[in-house]
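K.L.:
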C-alpha cells in the first residue's frame, strides 16, 4: 500500500457517476464531519492519479476511488487538504469500480438498489455476470438478483428499496413483471408490502396465474 499523502481537495475529482452512492448530499455527512473535526480522519480516502491528458481535460489531478463521504465531510468543514492513499495500480475504470463497490459492500453501507446501479456500470463495461461475482467474491445469485432489480420499472425499484423487500421476493417480482407486465407487478409489490406489515407470506404467484387466466378468456 502506498504512503499517506496530504492532497489539496480542489485537485480531487468526486465523480458522482462513478460512486456507488451516487450524489452525496452535504447534509448527510454532518455527523461524520463533526466526528472528523473532533477525532481527525481515521481512515484516509483512496484516490488514483489521472493521466496528464485527463488532468488537462477534467481540471483535476486525482479521482476518488473510495471515501466520497469523507471527502464531502472535509468540504463541509471547509478544509483545504485531506489525507489520501494514491493507488497508481488502478488506472483502469474496471479496477476502480470494483474497488469502490467492494469497499462499500464490506462496510455494508449500500442499499440493494445502490449495489444494483454499481453493477450496471460494470455490465455496461462489458463484464459478464459470472466474472463480476467472482471478482467481488459474491455468489452468482447475489449478482443476478440485483441485475433483475435493474430491469424493473423505476417506481417499482424505489418501492423495493424503501420497503426493504427481501431478495427472494425481488426474484418473484421479476418473474411477475416478465410474465404479466408493469401494472400486475405493481399489484404484487403492494401485496408484498402488506404481507410484510402483517408478518405474513405474500402469495406473489397468484399474479402470474391471474394474468394467464385473463389471456385465455
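Residue numbers (my numbering): -13 to 203.
The C-beta atom is built at its ideal place from N, Cα and C for all residues, glycine as well.
If contact is defined by three or more beta carbon pairs under 8 angstroms, each pair taking one atom from either stretch, is the region 67 to 85 in contact with the region 39 to 59?
P.N.:
Flag = yes, the region 39 to 59 and the region 67 to 85 touch.
K.L.:
What is the residue span of the beta strand (DSSP E) that residue 35 lies within?
P.N.:
Numbered from its first residue, the chain shown carries residue 35 at position 49. Element bounds for residue 35: 31 to 35.
K.L.:
Quick check on residue 104: does DSSP put it in helix, strand or coil?
P.N.:
Numbered from its first residue, the chain shown carries residue 104 at position 118. Looking at residue 104 - three-state DSSP - the assignment turns out to be helix.
K.L.:
Exposed or buried, what is residue 202 when buried is set at 16 or more other beta-carbons lying within 10 Å of its beta-carbon?
P.N.:
For this step, residue 202 is matched to residue 216 along the chain shown. With a pLDDT of 43 at residue 202, under the threshold of 50, the modelled position of that residue is not reliable, and no figure is offered here.
K.L.:
On the three-state DSSP scale, how would you describe residue 202?
P.N.:
Position 216 of the chain shown, counting from 1, holds the residue named residue 202. Any reading at residue 202 must be qualified, since the residue scores a pLDDT of 43, below 50, and its modelled position is unreliable; no value is offered.
K.L.:
Alpha carbon to alpha carbon, how far is residue -11 from residue -4? Give it in angstroms, no decimals.
P.N.:
Indexing the chain shown from 1 puts residue -4 at position 10. Indexing the chain shown from 1 puts residue -11 at position 3. C-alpha separation (whole angstroms): 20 angstroms.
K.L.:
Within 10 angstroms of its Cβ, does residue 9 collect 16 or more other Cβ (buried), or is it exposed?
P.N.:
Position 23 of the chain shown holds residue 9. Label assigned to residue 9: exposed.
K.L.:
Taking just the CA atoms, how far does residue 46 sit from residue 40?
P.N.:
As a position in the chain shown, residue 40 is number 54, starting the count at 1. As a position in the chain shown, residue 46 is number 60, starting the count at 1. Near 8 angstroms, if we compare the C-alpha coordinates of residue 46 and residue 40.
K.L.:
Residues in its own chain within less than 8 angstroms of residue 183 by CB, not counting five upstream and five downstream?
P.N.:
Position 197 of the chain shown, counted from the start, is the residue given in the question as residue 183. If we look at residue 183 and ignore the five residues flanking it on each side, it has no Cβ neighbours.
K.L.:
Here's a check: name, in chain order, each residue in its chain whose Cβ is nearer than 8 angstroms to the Cβ of residue 119, leaving out the five neighbours to either side.
P.N.:
As a first step, residue 119 is located in the chain shown; it is residue number 133 there, counting from the start. The answer, listed in chain order, is 125, 126, 128 and 129.
K.L.:
Quick check on the DSSP output: the beta strand (DSSP E) that includes residue 52 runs from which residue to which?
P.N.:
Residue numbering aside, residue 52 sits at position 66 when the chain shown is read from its first letter. Run containing residue 52: 48 to 52, per the beta strand (DSSP E) assignment.
K.L.:
Return the chain-ordered list of same chain residues with a C-beta closer than 8 angstroms to the C-beta of residue 115, the five sequence neighbours on each side being excluded.
P.N.:
The residue given as residue 115 occupies position 129 in the chain shown. Excluding positions up to five away in sequence, the list reads 109, 126, 129, 130 and 133.
K.L.:
Going by other Cβ atoms of all chains shown within 10 Å of its Cβ, with 16 needed for buried, is residue 2 buried or exposed?
P.N.:
Along the chain shown, one-based indexing puts residue 2 at 16. Looking at its Cβ environment, which holds fewer than 16 other Cβ atoms inside 10 Å, residue 2 is exposed.
K.L.:
Candidates -7, 188, 98 and 142: which alpha carbon is nearest residue 65's?
P.N.:
Taking the chain shown and counting its residues from 1, the one referred to as residue 65 is at position 79. It is -7 whose Cα lies nearest to the Cα of residue 65.
K.L.:
Locate the beta strand (DSSP E) running through residue 69, then write down its first and last residues.
P.N.:
As a first step, residue 69 is located in the chain shown; it is residue number 83 there, counting from the start. 67 to 72 is the extent of the beta strand (DSSP E) around residue 69.
K.L.:
If you reduce the DSSP assignment to three classes, tell me which class residue -10 lands in.
P.N.:
Here residue -10 corresponds to residue number 4 of the chain shown, with the count starting at 1. Reduced to three states, the DSSP call for residue -10 is strand.
K.L.:
The alpha helix (DSSP H) that contains residue 180, what's its start and end?
P.N.:
By 1-based counting over the chain shown, the position of residue 180 is 194. Run containing residue 180: 168 to 183, per the alpha helix (DSSP H) assignment.
K.L.:
Give me the residue from 193, 100 and 38 with the minimum Cα distance to residue 147.
P.N.:
One-based indexing of the chain shown puts residue 147 at position 161. Of the listed residues, the one whose Cα sits closest to residue 147 is 100.
K.L.:
Which residues does DSSP list as the beta-bridge partners of residue -2?
P.N.:
Within the chain shown, numbered from 1, the residue matching residue -2 stands at position 12. For residue -2, which the question treats as bridged, DSSP gives the partners 48.
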